[in-house]
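Q: For reference, the structure I am asking about is given below.
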Amino acid sequence: MHVCSGIYKVLPFLLLSLTGLVRADEKQDTTRHYQIGEITITEHSRSAELRSSAPLQLLNSRELQQLNALQVSDAVKYFSGVTVKDYGGIGGLKTVSVRSLGASHTAVSYDGIVVTDNQTGQMDIGRFSLDNVATLSLHNGQSDQIFQPARQFGSAAVLSIRSRSPFEGSSDQLQGTLTMKSGSFGLYNPSLFLRKKFNPVLAATLSTEWLGSHGRYPYRLYYHPSGQGEYSTEVRSNTDVNNLRIETALHAHFSEKKTGWIKLYYYNAERGLPGATILYATENFSTQRLRDRTFFARANFNHTINSIWSWQWNGNFHRSYVQYTDTAYLNQQGRQESKYYQQEAYSSLSVLYRALPGLSLSFSSDGIIGTMDAEFENDDLTSAFAQPARYTWLNVVAAKYVSTNFMTTASILSSYIHETVHAGSAAPSRHRLSPYLSITWKPFDQHDLRLRAFYKNIFRMPTFNDLYYARVGNSLLQPEITDQFNAGISWTTAPSSWWPFVSVTADLYHNSVQDKIIALPTKNIFEWSMQNLGHVSINGLDLTTETSFAVNEKLGIVLGGTYSYQQALDVTDPKNGSYQHQIPYTPRTSGSGRVGLETPWVDVSYTLLWSGKRYATTENYAENRLPAYSDHGLSAAREFRIAPSCRLNIRAELTNIMNENYAIVRWYPMPGRAYRISAAFHF
Amino acid sequence: MNNTYTITHRSDLTTYVRLLSGMLLLLGSVLLTSCDDMVDKTPPTTQLPDQQEATRLYILSEGLIHLNNSSLAMYDLATGTTAVDWFAAVNQRRLGDTANDLGSYGSKLYLVVSMSGLVEVLDRHTGRSMQQILIHDEQGRSRQPRNITFYNGFAYVSSFDGTVSEIDTTTLTTTRLTRVGRNPDGIALANGKLYVSNSGGLSFPNYDNTLSVIDPLSFREIKTIEVAANPFTLQADSEGDLYVVSRGNYGNQHYQLHRINTQTDELVQTLEGVHPLNFTIHNDTAWMYSFNHSNGQSSFQSFDCRTEELISDHFITDGTQLQTPFGIAVHPTTGDIFLTDARTYTVKGDVLCFTRDGKLKYRLQAVGLNPKKVWVE
């Protein structure tokens, strides 16, 4: 029996998509490394993950569909080692912390350029739609790709979102997808994706989407500290969202050696902030609103000069506006209104030098200017606002060596940060060097088993809020530093033609966070201040596994699962009551599972998320415990071919099918059972 | 193609099955050994002092905002009873969010819970709730009640929304509402009148700087008295002098103690050499603590309200240190002084009992998150 031919026969319908989508994720230097033979064409979507020297998890658009996920945040929960802090509902804040390092250490990259928020330092990943996402990937440490902007080297983990490319299809016709989603809690989500190849050189995409929902979902409010016994049935209120997203890109393929693109993005969201559920006063937060506008324009140009030299330029201009209002705040004006304006200009130049067969070197230099302004209901506050500007200059030198059974990458990042303010005192200038090293080794020729390890030392800057927020800010804050050590294995095999694929990755890690920036209430509970006080020691294990079965030519099953173990202990001060306690909102164990069944009639998928208990505050006492939960989803989809080039895809999803009443963040209940129906017309 | 990372395959199925089952076994054992090994930790427990004095302590802890974790603890020294979350244990429900004040009138305890917007009335002996009085506005939002005082069968509650509510202590219902200044915080009775400190605390940096004087009969504000910015605790001595703390802006303005003549309702003196953040008066001695938020230094002064002179700059005499003093009370009969310590504000705090000569008598550990008020019976 010849297994290889078997695997390729069944692969096409096994949703383990070939090439294209994986390529999209590695667009930056795929074409470059292609030449040194690093990347193969006929590989399965998992191979990037299995080959990576630092843990990489990747979901392509097909897999994303099967996760019963609406927002990027829903999908990220299926990654191992990840804690998504989800305040519930579509509009609720969602941030992602990787391996207990804290959300501010996760960079979010969109089409290869990091999206930042200097004010809060963390991205609300709920704002990213899955509608036009080609791949979603999570890198611990950093990617093996060394030919990329310096900023991609500058965080402890990178969540990377890649949008769909206009060169995906082969047709020169206008192609597109018109989708309508609707479901529980007033969900209304039409979207349109168009792509057109004008000629062999130019192609464009347009993606636009409206997302609306009243979001009023019921939940049970328990009164006893145990979270059991007497309860009342409440309805979450002030939860409406209205989001508009428009993005368009023009891609140019000047030649095999010269490519480029420009992209415009606009996002406008208006939502209610339902706040925490306050016992006996659930109406407290009925007056808080958030308006949010983001615009960015970005461009990329990539030139392979010859077989030795390549360079690329990335640029971005980003503007955002956030307006928070509370029309019932008990101050002099009877309202709270804060408007925050941020701008960022970014330019990055990267050079790749293929020194020897297998050895490449790269250098990237990024310059970033970020500014922030604010207006408040109170003129004294407005005039006292720091109006900070941050000038960042990042330079990275990286090297990568690849041989038949061995790969290593190393980099050193130099960060220089200077800040100015209009009021108050500016944080001192800072310079840091951050090293990274990773290796992967394939010890046996006949088994696809790899051993891997990485070390990374990196920091995050204090945010503008940490440094300059009225009363709270502390301009003397130091950067928060993380160290990561990881050792793991990845293994894959194809036991037979009906069992064409098994993969397992297992990683053990030790992380530490020093000078962790924590907020402490100082004067009273209304007034907090930031301090470099925390020290966290983290030991963990991440497991991922996936297998597929090909029952016959038309019937396939895919099973995937992740498991995470995180011991994340506060080791700040032996005299403190929380010493050696697990840090808040971090489960010791968590995991996910998914099963996809593909048949000629209908595709069915089942998804599971589960989390062990967590504690809502720093002390691991019973009264602070949030119980374990699981969230099951189920969906069925069928595709109808209407015309040779037109397909209609109908999907019905049920989320939280056990109607489990749970919260990820205490007093921010999650929705119970809900449904979604979508119809996508591909032409 | 020079493919360095091809997936290789062996056709011997049994080898795979063996290899795979080995991996699964390993995986299984790893999973089993690393399952959820996190167990609830138990807070340190307190050994009550041996002396069987007839003292019962009620300790109200604020909790952390928006976590609904305010609590009421009860310690009975005579019977050796300790009940850390007494309210929830007796009433099978949580107290609510951000409890701020604790008062007693007759045989009842009154707990003022700010964010939940209520006054919880308990039978003081059993801890059983007799009534939950909502202090909400017309839209059902909390008025953010802060402090309570009692007079002639009525309870008076100041609320951050600029109102004072009157509660009939026999029917346990609100009867009247009156308007005062911005974010009224402290409330006290002196010379047959109600005095409210208008802090303006939610309008940083534009604090209020007035006291409102209310006639309890007409239930109207009859006068305002100007003091320094951000007035807070107020309390009267036996001579009809009302003392009030102004906390300033926590920056260049320092804590001050004012003396108000309740006959004329005028500010007569801002006292030199005393700088309390908070205080309590017992037998015409004011026991005060101060805490500097920028350097973490605290000080403990005592003051004679008759001579208007400082008694001591350091009433703690045995060197005991507090991390973050957060509340103060005095035993009505023994004169022992109780200080609460909020520690880092995010971990359970302690209550320390000192004798009148400033020696630590005993310490109640981990009584609650941000212990704020102690009421001694």
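Residue numbers (the numbering used here), protein chains in the order written: chain A, 1 to 683; chain B, 684 to 1060.
For every residue, glycine included, the Cβ atom is placed at its ideal position computed from N, Cα and C.
Note that this is a predicted model, so its numbers are computed, not measured.
Can you find the residues in the same chain that come closer than 7 Å, C-beta to C-beta, to Asp891 of chain B, ignoring five residues on each side of it along the sequence?
A: Closer than 7 Å at Cβ, skipping near neighbours: Gly864, Arg865, Asn866, Asn881, Ser882 and Gly883.
Q: Can you check the segment 1008–1059 of chain B for any beta strand (DSSP E) of at least 3 residues that lies completely inside it and give the ranges in chain order?
A: Fully enclosed beta strand (DSSP E) runs of 3 or longer: 1008–1013, 1020–1024, 1031–1037, 1043–1052 and 1054–1059.
Q: So which residues on chain A does Asn866 of chain B lean against when the C-beta distance must stay under 7 Å?
A: Chain A residues near Asn866 of chain B: Leu330.
Q: What does the alpha-carbon distance come out to for the pair Thr947 of chain B and Thr1023 of chain B?
A: If you take the alpha carbons of Thr947 of chain B and Thr1023 of chain B, they lie about 35 Å apart.
Q: According to DSSP, is Phe153 of chain A helix, strand or coil?
A: Phe153 of chain A falls in the helix class under three-state DSSP.
Q: Here's the rule I'm using: 16 or more other beta-carbon atoms within 10 Å means buried, otherwise exposed. How should Ser226 of chain A be labelled?
A: Per the 10 Å Cβ criterion, exposed.
Q: State the beta-bridge partners of Gly685 of chain A as determined by DSSP.
A: Here chain A covers residues 1 to 683 and nothing more, so residue 685 of chain A does not appear.
Q: What span of residues does the beta strand (DSSP E) with Ala297 of chain A cover, start to end?
A: Gln288 to Thr304 is the extent of the beta strand (DSSP E) around Ala297 of chain A.
Q: Any Cβ of chain A within less than 8 Å of the Cβ of Phe843 of chain B?
A: Taking Cβ atoms only, chain A reaches closer than 8 Å to Phe843 of chain B, which makes this a yes.
Q: Could you work out which residues of chain B lie near His581 of chain A, taking near to mean beta carbons separated by less than 7 Å?
A: Within 7 Å Cβ-Cβ: Lys724.
Q: Starting from Lys1031 of chain B, find everything on chain A with Cβ-Cβ shorter than 7 Å and list it in chain order.
A: In chain order: Gly577 and Glu619.
Q: Please list, in chain order, the chain B residues whose beta carbon lies closer than 9 Å to that of Asn378 of chain A.
A: Correct list: Ser886, Phe887, Pro888 and Asn889.
Q: Any idea what DSSP makes of Ala427 of chain A, helix, strand or coil?
A: Reduced to three states, the DSSP call for Ala427 of chain A is coil.
Q: Between which two residues does the beta strand (DSSP E) carrying Asp924 of chain B extend?
A: Counting along the chain, the beta strand (DSSP E) containing Asp924 of chain B begins and ends at Asp924 to Ser929.
Q: From the DSSP output, which residues share a beta bridge with Trp210 of chain A?
A: DSSP lists A:Leu244 as partners of Trp210 of chain A.
Q: Hey, which unbroken runs of the beta strand (DSSP E) at 3 residues or more fall wholly within the segment 759–813 of chain B?
A: For the segment 759–813 of chain B, whole beta strand (DSSP E) runs of length 3 or above, ordered along the chain, are 764–766, 782–788, 791–796 and 801–806.
Q: I need the DSSP call for Arg127 of chain A, collapsed to helix, strand or coil.
A: Arg127 of chain A: helix per DSSP, three-state reduction.
Q: Name the two residues that bound the continuous beta strand (DSSP E) containing Tyr78 of chain A.
A: Careful: Tyr78 of chain A lies outside any beta strand (DSSP E) and carries neither H nor E.
Q: Between Thr765 of chain B and the rest of its own chain, which residues show a CB-CB distance below 6 Å, the 5 nearest in sequence each way excluded?
A: Counting only Cβ-Cβ distances below 6 Å, and skipping sequence neighbours, we find Tyr758.
Q: Can you pull the chain B residues whose beta carbon is under 9 Å from the beta carbon of Asn532 of chain A, in chain order?
A: The contacting residues do not exist; Asn532 of chain A stays about 14 Å from chain B at best.
Q: Run through the segment 42–113 of chain A for me and flag every whole beta strand (DSSP E) of 3 or more residues, listed as ranges in chain order.
A: Counting whole runs of 3 or more residues, the segment 42–113 of chain A contains the beta strand (DSSP E) stretches 56–60, 82–86, 94–98 and 106–110.
Q: Leaving out the 5 sequence neighbours to the left and right, which residues in its chain are closer than 8 Å to Gly923 of chain B when beta-carbon positions are compared?
A: If we look at Gly923 of chain B and ignore the five residues flanking it on each side, its Cβ neighbours are Ala873, Asn874, Asn944, Thr945 and Gln946.
Q: Comparing alpha-carbon positions, which option in B:Pro1054, B:Asn932 and B:Leu960 lies nearest Ser973 of chain B?
A: Per the Cα distances, B:Leu960.
Q: In whole angstroms, give me the CA-to-CA distance for Leu130 of chain A and Arg291 of chain A.
A: Leu130 of chain A and Arg291 of chain A: Cα-Cα distance of roughly 21 Å.
Q: Residue ranges of each beta strand (DSSP E) run of no fewer than 3 residues wholly in the segment 919–985 of chain B, ordered along the chain?
A: Runs found: 924–929, 939–944, 949–953, 961–965 and 968–974.
Q: Using a beta-carbon distance below 8 Å, is Pro225 of chain A in contact with chain B?
A: By this cut-off, Pro225 of chain A is an interface position.
Q: Can you confirm whether Trp667 of chain A, when its beta carbon is compared against all beta carbons of chain E, has any partner nearer than 8 Å?
A: Looking at the structure shown, chain E is missing, and the protein chains on hand are A and B.
Q: Closer than 9 Å, Cβ to any Cβ of chain A: which residues of the segment 806–832 of chain B, in chain order?
A: The segment 806–832 of chain B vs chain A, Cβ under 9 Å: Gln815, Leu817, His819, Asp820, Gln822, Gly823, Arg824, Ser825, Arg826 and Gln827.
Q: Measuring only the C-alpha atoms, how far is Asp25 of chain A from Arg1026 of chain B?
A: The predicted model places Asp25 of chain A with a pLDDT of 35, which falls under 50 and marks its position as unreliable, so this point remains unresolved.
Q: Rounded to a whole number of angstroms, what is the C-alpha to C-alpha distance between Lys1000 of chain B and Tyr1028 of chain B?
A: Before going on, a small fix: residue 1000 of chain B reads as Thr here, not Lys. Computed Cα separation, rounded: 25 Å.
Q: For Trp261 of chain A, which beta-bridge partners are listed by DSSP?
A: BP columns for Trp261 of chain A point to A:His251 and A:Asn300.
Q: Less than 8 Å between CB atoms is the rule here; does Ala771 of chain B satisfy it with respect to chain A?
A: True, the Cβ-Cβ gap to chain A drops below 8 Å.
Q: Reducing DSSP to helix, strand and coil, say where Leu467 of chain A ends up.
A: In the structure shown, Leu467 of chain A sits in a helix (DSSP, three-state: H, G or I).
Q: Do the CB positions of Tyr776 of chain B and His224 of chain A come within less than 8 Å of each other?
A: Note that residue 776 of chain B is Arg in the sequence shown, not Tyr. For Arg776 of chain B and His224 of chain A, yes; Cβs fall inside 8 Å.
Q: Does the distance from the C-beta atom of Phe454 of chain A to that of Arg432 of chain A stay below 8 Å?
A: It is not a contact, given that the beta carbons lie outside the stated cut-off.
Q: Looking at C-beta atoms only, is the number of pairs between the segment 620–627 of chain A and the segment 635–645 of chain A that lie closer than 8 Å three or more?
A: Result no; under three Cβ-Cβ pairs closer than 8 Å.
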